[in-house]
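Right, one structure below, let's go through it.
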Amino acid sequence: METAMIERAALVALLRRPAAKWSDIALDIQESDSAIGVLDRTVGRPDTLFPDTHATHELVNAAVEEIAGWQSAGIGVHAFFDDTYPAQLLGVREMPPLLFTRGDLRIHDHAVAVVGSRNATDDGLRIARAVATSLAGRGVTVVSGLAKGIDTAAHTAALEAGGRTVAVIGTGIRRYYPPTNRQLQDHIADVGLVISQFWPDAPPTKQSFPMRNAVMSGYAVATVVVEAGETSGARTQARLALQHGRPVVLTSQVMRCDWAKKFAENPGVYVVHGTAALLDAIDDIVNHLPTEAGLENFPDLALR
């Protein structure tokens, strides 16, 4: 069995353990430089007189079969130490140790996230479509979360403009949420990319969507918030984007909210009024994109 397969299977086996803390496991593997070594230490107990190597082999073999089943169903399985893992996520604190994908995964993907309220206004939908169309015309990938409202408008406009779009979802990759976007999700998988950090059959949970926002922010070089209320996931993503060293663009619609007025005081935040100014800000961001997206922070984009 290839070393890469063994390491990936060992990671799956570790993550499958009851009460496993994914971030701790990833850190442990990074420090030891071996997933199978961590599994041996955790399950096989090699420091004992009679190490249980049989238990380790059983777990690895079971994980190999599980991975093969996912792959045969057209699902990509990518560990954070694989060469296929998106480079821009490697420096993010919330980096998922395992990603599941459908579609065209690119190691380096110049992408901008377009996010906002599920209960979007007509103006919000119009702005989201204009931004996504503009990004697609510039060869920039449009990233969003496949929710109804702003997300759906951004994905759809990017596709209609012949551009690339990536959906980062808050469920397992075999799930469809909301169910009304099933056809859109399948279409994005055919011509773009769908990403999930959750087990393939995982249902949506209250915690999964903020986790999804963290990955969406890390995947993108910048986040555009079109509309977002006080409790919106887009607000969470804006905060995470700054933590990740990514610029954030706020529209005049968002600036009606108290959170946005305070948030706009942070360095790295663009506040724009009108579609023309918004597109100018995006041009500024796109023109300053590094050659390898996501491999470094973007202090030169920290403009107000």
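1 is the number of the first residue of the sequence shown in full-length UniProt numbering; add one for each residue after it.
Glycine residues also receive a C-beta, built at the ideal position from the N, C-alpha and C atoms.
Collapsed DSSP secondary structure at F100 in the structure displayed: By 1-based counting over the sequence shown, the position of residue 100 is 100. Residue state, collapsed to three classes: strand.
With C-beta atoms as the reference, is L98 less than 8 Å away from L27? As a position in the sequence shown, residue 98 is number 98, starting the count at 1. As a position in the sequence shown, residue 27 is number 27, starting the count at 1. No. Outside cutoff.
Going by the C-beta, is A20 closer than 7 Å to any heavy atom of the ligand GTP? The ligand GTP is not among the ligands present in this structure, which contains no ligands whatsoever.
Give me whichever residues DSSP pairs with H78 in a beta bridge. As a position in the sequence shown, residue 78 is number 78, starting the count at 1. Paired residues: L99.
With C-beta atoms as the reference, is R174 less than 8 Å away from D151? Residue 174 sits at position 174 when you count from the first residue of the sequence shown. Residue 151 sits at position 151 when you count from the first residue of the sequence shown. For R174 and D151, no; Cβs fall outside 8 Å.
Inter-residue Cα distance where the pair is V112 and P267: The residue given as residue 112 occupies position 112 in the sequence shown. The residue given as residue 267 occupies position 267 in the sequence shown. Those two C-alpha atoms are separated by around 18 Å.
Identity of the residue in G170, A35, G139 nearest F100 by Cα: For the purposes of this step, residue 100 is identified with residue 100 of the sequence shown, where counting begins at 1. Per the Cα distances, G170.
Compare the C-beta of C257 against all C-beta atoms of chain B and say whether one is closer than 8 Å. Structure shown: chain B not included; a single protein chain is present.
Any idea if V191 is buried or exposed, counting beta-carbon neighbours within 10 angstroms, 16 or more meaning buried? Here residue 191 refers to the residue found at position 191 of the sequence shown. V191 comes out exposed.
Cβ of Q185 within 8 Å of Cβ of A161? In the sequence shown, counting from the first residue as 1, residue 185 sits at position 185. In the sequence shown, counting from the first residue as 1, residue 161 sits at position 161. No, the Cβ-Cβ distance between Q185 and A161 is not below 8 Å.
Using a Cβ distance threshold of 8 Å, determine whether the region 62-71 contacts the region 203-220, with at least three qualifying pairs required. no
Would you tell me roughly how many angstroms separate the C-alpha atoms of G218 and Q197, rounded to the nearest one? By one-based count along the sequence shown, residue 218 stands at place 218. By one-based count along the sequence shown, residue 197 stands at place 197. If you take the alpha carbons of G218 and Q197, they lie about 13 Å apart.
Use the C-beta contact count for T48: other C-beta atoms within 10 angstroms, 16 or more gives buried, fewer gives exposed. In the sequence shown, counting from the first residue as 1, residue 48 sits at position 48. Its pLDDT being 47, under 50, T48 is placed unreliably by the model, and nothing is read from it.
Go ahead and label T133 buried or exposed: buried means 16 or more other beta carbons lie within 10 angstroms of its beta carbon, across all protein chains shown. Here residue 133 corresponds to residue number 133 of the sequence shown, with the count starting at 1. By the neighbour-count rule (16 or more Cβ atoms within 10 Å), T133 is buried.
Rounded C-beta distance between V43 and T56? I'm assuming under 8 Å. Translated into positions along the sequence shown, residue 43 becomes position 43. Translated into positions along the sequence shown, residue 56 becomes position 56. About 5 Å; that satisfies the 8 Å criterion.
Contiguous alpha helix (DSSP H) assignments of at least 4 residues, all confined to the region 130-202: 150-160, 182-191
For L250, the residue or residues it bridges with in DSSP: As a working note, residue 250 is residue 250 in the sequence shown. V225, V271.
In the DSSP assignment, find the unbroken alpha helix (DSSP H) run with A234 in it and report its ends. Taking the sequence shown and counting its residues from 1, one reaches residue 234 at position 234. Counting along the chain, the alpha helix (DSSP H) containing A234 begins and ends at 233-243.
From D82 to A128, what distance separates their C-alpha atoms? Counting from one through the sequence shown, the residue named residue 82 turns up at place 82. Counting from one through the sequence shown, the residue named residue 128 turns up at place 128. Whole-angstrom Cα-Cα distance: 34 Å.
Beta-carbon proximity list for S208, same chain, < 8 Å, skipping 5 on both sides: By 1-based counting over the sequence shown, the position of residue 208 is 208. G170, T171, F198, A202, listed in sequence order.
Beta strand (DSSP E) containing A111: first to last residue? By 1-based counting over the sequence shown, the position of residue 111 is 111. Residues 111-115.
If you follow the alpha helix (DSSP H) that V215 is in, where does it begin and where does it stop? Here residue 215 refers to the residue found at position 215 when the sequence shown is read from its first residue. Note, V215: alpha helix (DSSP H), 208-219.
So, using beta-carbon positions, are G116 and A234 closer together than 8 Å? Residue mapping note: residue 116 aligns to position 116 of the sequence shown, counting from 1. Residue mapping note: residue 234 aligns to position 234 of the sequence shown, counting from 1. Contact flag set, yes.
Kindly give me the distance between the Cβ atoms of H187 and L159, rounded to whole angstroms, as I take these residues to be in contact under 8 Å. As a first step, residue 187 is located in the sequence shown; it is residue number 187 there, counting from the start. As a first step, residue 159 is located in the sequence shown; it is residue number 159 there, counting from the start. Sure, about 7 Å apart at Cβ, within 8 Å.
Neighbourhood of Y85 by C-beta distance below 6 Å, restricted to the same chain and skipping five residues each side: Here residue 85 corresponds to residue number 85 of the sequence shown, with the count starting at 1. Within the same chain, Y85 has close Cβ partners H78.
Cβ-based burial, G137 [other Cβ within 10 Å; buried from 16]: Mapped onto the sequence shown, residue 137 falls at position 137. Per the 10 Å Cβ criterion, exposed.
What are the start and end residues of the alpha helix (DSSP H) that includes T3? As a first step, residue 3 must be located in the sequence shown, where it is residue number 3. Its alpha helix (DSSP H) spans residues 3-16.
Check I127 in the structure and name its three-state DSSP category. In the sequence shown, counting from the first residue as 1, residue 127 sits at position 127. Looking at I127 - three-state DSSP - the assignment turns out to be helix.
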